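This report concerns only the one structure given below.
There are 2 protein chains.
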Amino acid sequence: MNVRRPMATVAELMRPRSVAIVGASEDPGKFGGRILRTLLEQGFPGDIHPISSARREVLGRRAWPSVADVPAPVDLAIMAIPREHVAGVVGQCAEAGVRGAIIVTSRFSDAGDEGAALERELVATANAHGMRILGPNCIGIVSPANGFALCPSPVLLGRRVLEGHIGLVSQSGAIMGTLMDRARSGGIGFSHCVSVGNQADIDVCEVVEFFVEDEATRVICSYLEGLRGLRAGTAFLAAAERAQRAGKPWLMVKAGRTEAGAAAAFSHTASLAGSQAAFEAACRERGIVLLDDPEAMMLLAAGMSRFPARKVDGVALLSPSGGGCALGADRLSDIGVPLPAPSASTAGTLRTMYPTALLNPIDIGAANDGAAMSYTTRTHELLLADEAIDLAFTVITAAPDITRFAKMAAEGVEKSGKPAIMALLPGEAAEGARQALLQRGILHTQTLDTAIRAIRGWREWSAAMRFAPAARPPQLMRRTALPSGALGEQETKQLLAAYGIPVNRSVFVAGAAGLRQAADGLAPPYVLKIVSADIVHKSDVGGVAVGLGSVGELESAARTMLERIAAGAPGARIQGFSLQEQASGELELLLGAKHDEVFGPMILIGAGGIYAESLADTVLATAPVSEARARGMLSRLRIAGRFPGTRGRPAVDVAAAAQAVSRLSWLAADGGASLRELDINPLLVGRAGAGCVAVDARALLAASSNGAGSAIREEVQ
Amino acid sequence: MNVRRPMATVAELMRPRSVAIVGASEDPGKFGGRILRTLLEQGFPGDIHPISSARREVLGRRAWPSVADVPAPVDLAIMAIPREHVAGVVGQCAEAGVRGAIIVTSRFSDAGDEGAALERELVATANAHGMRILGPNCIGIVSPANGFALCPSPVLLGRRVLEGHIGLVSQSGAIMGTLMDRARSGGIGFSHCVSVGNQADIDVCEVVEFFVEDEATRVICSYLEGLRGLRAGTAFLAAAERAQRAGKPWLMVKAGRTEAGAAAAFSHTASLAGSQAAFEAACRERGIVLLDDPEAMMLLAAGMSRFPARKVDGVALLSPSGGGCALGADRLSDIGVPLPAPSASTAGTLRTMYPTALLNPIDIGAANDGAAMSYTTRTHELLLADEAIDLAFTVITAAPDITRFAKMAAEGVEKSGKPAIMALLPGEAAEGARQALLQRGILHTQTLDTAIRAIRGWREWSAAMRFAPAARPPQLMRRTALPSGALGEQETKQLLAAYGIPVNRSVFVAGAAGLRQAADGLAPPYVLKIVSADIVHKSDVGGVAVGLGSVGELESAARTMLERIAAGAPGARIQGFSLQEQASGELELLLGAKHDEVFGPMILIGAGGIYAESLADTVLATAPVSEARARGMLSRLRIAGRFPGTRGRPAVDVAAAAQAVSRLSWLAADGGASLRELDINPLLVGRAGAGCVAVDARALLAASSNGAGSAIREEVQ
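Sequence order for the protein chains is A and B. Residue numbers for the first sequence, in this note's numbering: 866 to 1582. Residue numbers for the second sequence, in this note's numbering: 866 to 1582.
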């Protein structure tokens, strides 16, 4: 068959009418044995074709020597065979018109350059016939929604993955197995689970795109170590934006966040790390929730799939004990979760049951029915009915009857129609409670940590969904012709001014004689800086003078400056002076723009001044950002504590700073790859209403065809 | 019986020969029913006396109308009776010579002032006869080491608390029940569990003191919400120091860390919060490990009790999968845990099994035996035998045979004689593995979070145990006569200089005419500051001049300064000038000393300069601190990133800063309660070897009998 077929899609591969298992066996100790056994246990309605060089029947099914021998079309083939046979079998499959080949076998690009070359050949062979490759080094597909599994994971033997609305895509087969099993134990089900392994052809992003379209999938879960290929960043951002537009939450455990983690991750996959900070920024802005923990991801996914589109902000904390309330309140405080006071009418009703206690958190054991806990249902129901409460967090400690408490709490939650997460802190004594919650489909876990991660994730996603994408301000023109080369202070400030970012006024003056005239257009006090390409640290040689109140002081300062430099830096060639209006403000910020090779234009903000570097107090975002998002970025800085005003100092103009950040982000977006980097340091932010001003700045743009950049480089120090 | 008996001790109460249950019942739905039933189930060897107003026999035991009617001595009585009967029963017990009364009943000091008054009367009545009170509002004692339980917790019915070497003291009965049950499910046992409730008489500290002496107890666990009483801080520090000297780890879950948590905690107990920051500092320095999580506390306690005195620093990370390695490595990185490379000889042996993979973390699935995992035992054994490795962290993901993997891993760990913590990430598929680890006594948990908290805690304790207590430097005299009142810059600097803290030289000069002579003894450049009690912000009115290079400049600056002040602050009374040598340095620190009402003298360090407050980059410690501990404090500052030198700036003199911190801490220790507060801001720290200097400082000392402090207050701005 040499007919050129259209390229298969993931959606097509997820609905096979017939499958082939290459290397089928009856031995569950072997990959091929587990795959066939699991497939039979799941009850696949289509045709099953075992392929075996040795046997003509496997587990009661007619077997064939090769895919080419199967007398009917095969949609999907899976192979767990020695590496040296893979290329041949892939070729046979492609020739036979198979639409997708799942390669379980490892030691391709995960094992070095030679394996990577082999892998590229496999993909080329397959794609030439429209066939797609999943893997290599993967564990295939488990699709409860479509009733089939082609997967060698031992966790499936004798145990069925539950059907639900979570789509899972994982780079690691072991982690996919772990998640499927952990989820089943918690009563959590999946639409489809897809293991992409080395991502030689089908990658995480393509599977996510399928999940976005798939009706059975409400929430997307992913285990990721790194993206693959040069266009991966763009594809990733596009997939994230599609998921966000579709309102489908995308949760992620990203391994390799740290240097040690990345070393471990890249020792067994063939992925690009990219910049972790850029990756996290890209995720945060697009509502991708980074969980860091497999169990927390499954718990949150279960919640979001049972309560689609539910946003979470305010939480009610309940416990049968004061100790449970105190522990829970500390943990929620740590992650900034508000415990809203119930409305007056809710509070009025609750007060009849709890005459003296706090009403959120609420110690159900402190009710005036004493140890009977008979208000448990009503308390959950009442609090959840309150407008300010989106979710109940119930910390279950030892109690007179833990099972009864859990059942009553579940009943209240069910009546409310809102979600709850229950943390079961005892051990065996809470087993009855766990079973009760499992049966009722109430979200639960056995550690505070897991619950807290899930609550934080739900709130992060809810907050991200409120952000609208940045729209270009009407007064802001798109610039297509940016200057190029290394830009000095003067030129960079011109560029900033063109984007509506305030700069302090400054003039280049070739000699001291021109200062008087130049000062005419500026308001004192003045700043005078020497301009010399030979002087790197101007202030060290007396090349900066500030606070000059008059033209007289200015001229006197210029003379002193030239004398000092003649003595301190005798060989320096002096080009002239930069005469500036002296800006004043309350707070110094650092603003930067750069181009990330994976995620494109980025913007960075941070604390300015001398501690800028050692504090590492920075926030990164993909550009452009709206002013609202810029405010959000500013609020995440550590120095945000200074914004509202502190002891003796006034509040600062956060609105002006946010506008500057947003406008710089449009500059970054317009500049694209040609804007290598641009730094404003400092942006001086004044008191509220007083605006902000860029006091120093420099930039580096890729040389474009129209020349080698400007001749003025006076301020690149 | 009116014979005055000696006051009973906790040790005495923990070994009763006879017990009475007041309010005994056959109904396990009642407190008195659960207490008796549990006591009988535990097989107490002493005499059991049910007390019941209605029955003459309870559960086959002869019952008495009151404690007074029991014809034999009663050592310990427990009462779960209506509040209005408690005082009468306590009186009867005291009269009858009972040594300890456990009061389960609540609504005493936990319910307001009236209850608190009642509670004080109970203690007075008891103590007058040498009887001690445990509670009220507690769940009593469970003592597997001494074979008895007087405890109404429902988690005990039909389930035995395991015997082990962990002493648990808890303020919350519900949390104690939770911990006992969770521990049993994890195969973890206790020497004794004591619930102290309202701590009316016996408090957490007294129980800890008992645990320190108790041979059956190797590790102390505590759930604490707050200390009680004015001397509680002193008692707490003393108990902590005794535990530290005895080498017994003290682990703690402290609820009420946050505002919301404290509100929840204090709505149901009667404790003082004290300063949370001071509390945490006191704990950290004395090796008390704050865990924030009940399960993590039990896991760590189990590890420490099975491996007494074992210190943990370097960790080996193992997993059957690369994904498990990557996840684990990220988490360990987050908490700064090193993954040391194995020694050359260990590495040589491992290389034969793992030709290309990383050796720490180690992906056992990447061994050259492929999926067989037959190297699991040997790999654990080899890594743990390495000198740099103190603990193995095994992240168990899905694997071909999870149970076999766990057994083999356990075998390797057992051979090594070192501890391991295993995180079982799958669900039911890992149940066999969990059972295997439980049987073998290998520490395990089902979440990464719990394991990570335990590892962090073990390392924190190990680090704290390396610190020696601060010894007064031989050249440092103890000062007993400190000045008093509000001290200005000059006086405070004199005090600092007396404690060996470098200050920049400065002279008070009454008028401009004296400047020339005063400058003779100082080196330029000079700083000149106006001295006037009427001027709060000197620089705002031109009252500070810096960088004055000569006496001429100095005199000129003084004239200008007086003119400006005459214009800007016309009414200000001028006392004179402060003439100082101008100091220079690389980094500004803030050093403070104060007296905490609960924990005594404290020292605080932080980033100096304009961001000092908004960054909240501070570290607190109880004084005195050794120079080594001062270095540790400095290293915990965010700006510690600046110490080794950053782009273009040299390393700073951390040794000199640590010496200044330690010396200020001795000043704080000597000053005691009379030193209300002392601030050095900034301490200017020079480049390495260049020392540091206190540039500005002020202090407030309690007025002593010898006068109202100094007349010189020139610098209190």
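Every residue, glycine too, gets a C-beta built ideally from N, C-alpha and C. Source: prediction; values computed, not measured.
Counting along the chain, the unbroken beta strand (DSSP E) around residue 1445 of chain A starts and ends at 1441-1446. In this model, residue 928 of chain B and residue 935 of chain B are separated by some 9 Å (Cα to Cα). Under the three-pair Cβ rule at 8 Å, the region 1414-1428 of chain A does not count as touching the region 1454-1468 of chain A. As DSSP reads the structure, residue 1461 of chain B sits in a beta bridge with B:1465. Below the 8 Å Cβ cutoff, chain A contributes 1263, 1291, 1292, 1293, 1294, 1295 as neighbours of residue 1046 of chain B, in chain order.
Distance from the CA atom of residue 1373 of chain B to the CA atom of residue 1359 of chain B, rounded to whole angstroms, is 13 Å. Listed in chain order, the alpha helix (DSSP H) elements of length 4 or more contained wholly in the region 1135-1189 of chain A are 1141-1150, 1159-1171.
Burial check for residue 1376 of chain A: the Cβ neighbour count within 10 Å stays below 16, so the residue is exposed.
When C-beta atoms of the region 1433-1449 of chain B are compared with those of the region 1375-1391 of chain B, three or more pairs fall below 8 Å, so the two segments count as touching. Take the alpha-carbon of residue 1053 of chain A and the one of residue 1464 of chain B: they are about 49 Å apart. Contact annotation: residue 1535 of chain A and residue 1343 of chain A have beta-carbon atoms nearer than 7 Å. Taking all protein chains in view, the Cβ of residue 1150 of chain B is crowded by 16 or more other Cβ atoms within 10 Å, so the residue is classified as buried. Membership of residue 895 of chain A in any beta strand (DSSP E) is not indicated, and neither H nor E is assigned to it by DSSP.
Assignment of residue 1282 of chain B by DSSP, reduced to helix, strand and coil, places it in the coil class. Put simply, the backbone Cα of residue 1331 of chain A is about 27 Å away from that of residue 1193 of chain A.
Under the Cβ distance rule, residue 1149 of chain B does not count among the residues neighbouring chain A, no pair being separated by less than 7 Å. Legend: CB atoms of the region 1050-1084 of chain A lying less than 9 Å from CB atoms of chain B belong to residues 1050, 1051. Secondary-structure assignment with DSSP links residue 1456 of chain B through a beta bridge to B:1470, B:1545. For residue 884 of chain A, no CB of chain B lies under 7 Å from its own CB, so it is not counted at the interface with that chain. Residue 1088 of chain A reaches chain B at 1188, counting residues in chain order whose Cβ is nearer than 8 Å. For the region 1166-1192 of chain A, residues whose beta-carbon sits nearer than 9 Å to a beta-carbon of chain B comprise 1182, 1184, 1185, 1186, 1187, 1188, 1189, 1190, 1191, 1192. When the alpha-carbon of residue 1065 of chain B is set against those of B:1057, B:1091, B:1081, the nearest one is in B:1091. For residue 903 of chain B, the nearest beta carbon of chain A is not closer than 7 Å to its own beta carbon. The residues 1369, 1448, 1547, 1549, in chain order, have a CB closer than 7 Å to that of residue 1560 of chain A in the same chain once the five nearest residues on each side in sequence are set aside. The alpha carbon of residue 1473 of chain A has as its nearest neighbour, out of A:1493, A:1452, A:1491, the alpha carbon of A:1452. About 6 Å separates the CB atoms of residue 1147 of chain A and residue 1102 of chain A; that is less than 8 Å, so the two are in contact. As summarised for the region 950-1006 of chain A, the continuous beta strand (DSSP E) elements at least 3 residues long and confined to that stretch are 965-968, 997-999, given in chain order. Taking a cut-off of 8 Å for Cβ pairs, the region 1014-1026 of chain A and the region 1168-1175 of chain B do not touch, as fewer than three such pairs fall below it. Around the beta carbon of residue 1378 of chain A, fewer than 16 other beta carbons sit within 10 angstroms, so the residue counts as exposed. Closest option to residue 1003 of chain B, judged by alpha-carbon separation, among B:1415, B:963, B:944, B:955: B:944. Here residue 1468 of chain A is buried. Its C-beta has 16 or more other C-beta atoms within 10 Å. Any Cβ of chain B closer than 7 Å to the Cβ of residue 983 of chain A would place that residue at the interface, and such an atom is absent. Counting along the chain, the unbroken alpha helix (DSSP H) around residue 1360 of chain B starts and ends at 1354-1363. Per DSSP, reduced to three states, the secondary structure at residue 1430 of chain A is helical. Apart from the 5 residues on each side of it in sequence, residue 1510 of chain A sits with its Cβ closer than 6 Å to the Cβ of 1516 in its chain, given in chain order. Straight-line measurement puts the Cα of residue 1018 of chain A at about 7 Å from the Cα of residue 1265 of chain B.
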